[in-house]
Amino acid sequence: MASRDEIVAIPDRYIAAVAAGDVDTIMSLYNDNPRVEDPIGEPAHEGVDAVRAFYTQLRDSGFKISLTRITPVCVAGGNEAAFAFRVDVDLGEMTMSMVTHDTMVFDEDGRISQMRAYADSQATPES
Numbered sequence: 001m002a003s004r005d006e007i008v009a010i011p012d013r014y015i016a017a018v019a020a021g022d023v024d025t026i027m028s029l030y031n032d033n034p035r036v037e038d039p040i041g042e043p044a045h046e047g048v049d050a051v052r053a054f055y056t057q058l059r060d061s062g063f064k065i066s067l068t069r070i071t072p073v074c075v076a077g078g079n080e081a082a083f084a085f086r087v088d089v090d091l092g093e094m095t096m097s098m099v100t101h102d103t104m105v106f107d108e109d110g111r112i113s114q115m116r117a118y119a120d121s122q123a124t125p126e127s
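The sequence shown begins at 1 in the UniProt record's numbering and counts up one residue at a time.
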């Protein structure tokens, strides 16, 4: 099982890779049977191919995305983590900002088996 310190480090690696559009690094953080709900309420992306396609589509959207973790990474149960981060999306003429909370479940090897994004476009950093 991954240590708490190892789990705490993964969200920052994840956030940096998503912001950079580095799909290979993102996928290296997931196990061989990942499940992603981003955002919750939309159909889940299940399996390596579906998760890779999701992050590839995000990268190819053409939007410049900046992500900054704004809370500590909280680890519970030895294999789950929760954290919040600020999302700034450059839409050209304006920037959209929001706060998202993610939860992750890790397998025995410390790789993400499930990620859920609690994204709310009305939860702005100022609210």
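A virtual CB, placed ideally from N, CA and C, is assigned to each residue, including glycine.
All of these numbers come straight from a predicted model, not from anything done at the bench.
Check whether the Cβ atoms of residue i and residue j sit closer than 8 Å, and answer yes or no.
i	j	result
F106	I7	yes
D102	M94	no
T71	M98	no
L67	I10	no
G77	M1	no
I112	V89	no
Out of the options, which one is the CA nearest neighbour of residue i?
i	options	result
D12	A119, M104, A53	M104
F63	S97, R4, L91	L91
Y118	D32, N33, V87	V87
D32	E46, R69, E42	E46
With 16 as the cutoff for other CB atoms within 10 Å, does residue i come out buried or exposed?
i	result
T100	buried
E37	buried
P39	exposed
A20	exposed
P34	buried
Using C-beta distances below 6 Å, list every residue in its chain close to residue i, excluding the 5 sequence neighbours before and after it, in chain order.
i	result
M27	R52
R4	V75
E108	M1
S121	M98
A17	T25, I26
A81	I7, V73, V75, M104
Looking only at its chain, what residues have a beta carbon closer than 7 Å to the beta carbon of residue i, apart from the 5 residues adjacent to it on each side?
i	result
V23	R52, Y55, T56, R59
Y30	V51, R111, I112
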